[in-house]
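Visitor: Residue numbering for the sequence shown follows our numbering, beginning at 236 and increasing consecutively.
Built from N, CA and C at the ideal position, the CB exists for glycine as well.
Just so you know, these numbers come straight off a predicted model, no measurement behind them.
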Amino acid sequence: MAPDNDNTDAVMHFILHLLLYLTNFGDPFLTVPLAALVLAWFAAQRFWRPLFTWACCFSAGVLAVAASRIAHAGWGIAMPALDFTVISGHTMLSSAVYPTLLALFASRNSPRTVMGLFGLGLAFAIAIGASRVLIGFHSTSEVVSGLAIGTLVSLATCAPIMLRQAREATGDVTTMRDPTPFTAFALALVVICHGKVAPVSIWIDHKAPQLSQWSRTQFDEAR
236 MAPDNDNTDA
246 VMHFILHLLL
256 YLTNFGDPFL
266 TVPLAALVLA
276 WFAAQRFWRP
286 LFTWACCFSA
296 GVLAVAASRI
306 AHAGWGIAMP
316 ALDFTVISGH
326 TMLSSAVYPT
336 LLALFASRNS
346 PRTVMGLFGL
356 GLAFAIAIGA
366 SRVLIGFHST
376 SEVVSGLAIG
386 TLVSLATCAP
396 IMLRQAREAT
406 GDVTTMRDPT
416 PFTAFALALV
426 VICHGKVAPV
436 SIWIDHKAPQ
446 LSQWSRTQFD
456 EAR
């Protein structure tokens, strides 16, 4: 029986290692620089509407994740009936960044190609969210909430790109710049940043109780 147990342990260890490798694609250490690259690429093309949409919606998504974590760590706010405590930041960041990235990779192709790569990026984000549940970092409801927010961010950003591609097909506007440099920078960031962890959650969990205590002190003094 010992060899069978050893084989089972080896398989479980491999699966866990694979899930951790996948989930690290959603870490802020990687996704935030990629988000900044998206912003820079929009600016380089003077594509102002998606730039403004991306900056505002992505920031709102990040703030929503941070607010949920602060509320839980500082004040214990949660929804036990839904098994919900905090929005999954990895899932939100992944579903915002990767569909947008892949859509931009195909920005000189047909709208159908852009939509196809957008869908591929969304599938990748869903896989990252699933890894968060399987490892035990988040509940299903926390991942679904992150996925919903991130998908809204990427859809709001990429809709003008698809519209522009449709207009290009009629010759009404000039062709967008070659996305090859953007793609190369994105791949370089993945190679450099993947596997590293930004201790954002740990920092919030440490600071939120202090913020909660400070707010209670202020409230008591104001009474």
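#1: Tell me whether methionine 327 is buried or exposed, calling it buried when 16 or more other Cβ atoms sit within 10 Å of its Cβ.
#2: Just to check my reading of the structure: leucine 424 and leucine 272 have Cβ atoms closer than 8 Å, yes? What is that Cβ distance to the nearest angstrom?
#3: Of all the options Ala313, Arg367, Thr266, which has the alpha carbon lying nearest to the alpha carbon of phenylalanine 293?
#4: What do you reckon, are the CB atoms on proline 263 and leucine 339 nearer than 8 Å?
#5: Got a sec, what are the start and stop residues for the alpha helix (DSSP H) methionine 327 sits in?
#6: Keeping to the same chain, check which residues put their C-beta closer than 7 Å to that of isoleucine 361; ignore five residues upstream and five downstream.
#7: So which of Gly324, Arg402, Trp276 has the shortest CA-CA distance to alanine 433?
#8: Report yes if the C-beta distance between cysteine 291 and phenylalanine 353 is below 8 Å; otherwise report no.
#9: Would you mind sorting glycine 296 into buried or exposed? The rule is 16 or more other CB atoms within 10 Å of its CB.
#10: Taking just the CA atoms, how far does valine 332 sit from leucine 274?
#11: Does the separation of the CB atoms of alanine 299 and alanine 443 fall below 8 Å?
#12: Just to confirm the assignment, what range does the alpha helix (DSSP H) spanning serine 303 have?
#13: When you compare only the Cα positions, how much space is there between isoleucine 439 and serine 345?
#14: Starting from the C-beta of asparagine 319, find all residues in its chain whose C-beta is less than 8 Å away, skip the five residues before and the five after it, and write them out in chain order.
#15: Going residue by residue through the region 354-425, where are the continuous alpha helix (DSSP H) segments of at least 4 residues, counting only ones entirely within it?
#16: Count the other C-beta atoms from every protein chain shown that fall within 10 angstroms of the C-beta of methionine 247, then say buried if there are 16 or more, exposed otherwise.
#17: Quick one: residues in its chain with C-beta nearer than 6 Å to the C-beta of serine 330, no 5 flanking neighbours on either side, listed in chain order?
#18: Label valine 408 either buried or exposed according to how many other C-beta atoms from any shown protein chain fall within 10 Å of its C-beta, with 16 as the threshold for buried.
#19: Apply the 10 Å Cβ neighbour rule to leucine 357 and answer buried if 16 or more other Cβ atoms are within range, or exposed otherwise.
#20: Expressed to the nearest angstrom, what Euclidean distance is found between the alpha-carbon atoms of leucine 355 and leucine 257?
#21: Buried or exposed: leucine 283, going by 16 or more other Cβ atoms within 10 Å of its Cβ?
#22: Taking 7 Å as the limit between beta carbons, can you name the residues of its chain near alanine 365, skipping five residues before and five after?
Guide: So, from the data block:
#1: Indexing the sequence shown from 1 puts residue 327 at position 92. Buried, by the Cβ-count rule.
#2: Stepping through the sequence shown from its first residue, residue 424 is reached at position 189. Stepping through the sequence shown from its first residue, residue 272 is reached at position 37. Right, their Cβ atoms sit about 7 Å apart.
#3: Locating residue 293 in the sequence shown gives position 58, where the first residue counts as 1. When only C-alpha atoms are compared, the closest one is Thr266.
#4: Sequence index remark: in the sequence shown, residue 263 carries index 28 (1-based). Sequence index remark: in the sequence shown, residue 339 carries index 104 (1-based). Going by C-beta atoms, proline 263 is not nearer than 8 Å to leucine 339.
#5: By 1-based counting over the sequence shown, the position of residue 327 is 92. Where methionine 327 is concerned, the enclosing alpha helix (DSSP H) stretches over 324-340.
#6: Reading the sequence shown from its first residue, position 126 is the one you call residue 361. Same-chain partners within the cutoff: Leu382.
#7: Here residue 433 refers to the residue found at position 198 of the sequence shown. The option with the nearest alpha carbon to alanine 433 is Gly324.
#8: Taking the sequence shown and counting its residues from 1, one reaches residue 291 at position 56. Taking the sequence shown and counting its residues from 1, one reaches residue 353 at position 118. The answer is no: Cβ separation not under 8 Å.
#9: For the purposes of this step, residue 296 is identified with residue 61 of the sequence shown, where counting begins at 1. Buried: at least 16 other Cβ atoms inside 10 Å.
#10: By 1-based counting over the sequence shown, the position of residue 274 is 39. By 1-based counting over the sequence shown, the position of residue 332 is 97. C-alpha separation (whole angstroms): 11 Å.
#11: Position 64 of the sequence shown, counted from the start, is the residue given in the question as residue 299. Position 208 of the sequence shown, counted from the start, is the residue given in the question as residue 443. Result no, Cβ atoms of alanine 299 and alanine 443 do not sit closer than 8 Å.
#12: Position 68 of the sequence shown, counting from 1, holds the residue named residue 303. Run containing serine 303: 283-310, per the alpha helix (DSSP H) assignment.
#13: On the sequence shown, position 204 is the one that residue 439 refers to. On the sequence shown, position 110 is the one that residue 345 refers to. Near 43 Å, if we compare the C-alpha coordinates of serine 345 and isoleucine 439.
#14: Along the sequence shown, one-based indexing puts residue 319 at 84. Checking the sequence, you will find phenylalanine at residue 319 rather than asparagine. Cβ neighbours of phenylalanine 319 beyond the five flanking positions: Ala313, Ser374, Ser376, Glu377, Ser380.
#15: 375-403
#16: Counting from one through the sequence shown, the residue named residue 247 turns up at place 12. Exposed: under 16 other Cβ atoms inside 10 Å.
#17: As a working mapping, residue 330 is identified with position 95 in the sequence shown. Counting only Cβ-Cβ distances below 6 Å, and skipping sequence neighbours, we find Ala360, Leu382, Gly385, Thr386.
#18: On the sequence shown, position 173 is the one that residue 408 refers to. Legend: pLDDT at valine 408 = 47, less than 50; position of this residue unreliable, no value from coordinates given.
#19: By 1-based counting over the sequence shown, the position of residue 357 is 122. Per the 10 Å Cβ criterion, buried.
#20: The residue you call residue 355 lines up with position 120 of the sequence shown. The residue you call residue 257 lines up with position 22 of the sequence shown. If you take the alpha carbons of leucine 355 and leucine 257, they lie about 15 Å apart.
#21: By 1-based counting over the sequence shown, the position of residue 283 is 48. As written in the sequence, residue 283 is tryptophan, which differs from the leucine given in the question. The residue in question, tryptophan 283, is exposed, as its Cβ has fewer than 16 Cβ neighbours within 10 Å.
#22: Stepping through the sequence shown from its first residue, residue 365 is reached at position 130. Excluding sequence positions up to five before and after alanine 365, its CB lies less than 7 Å from no other CB in the same chain.
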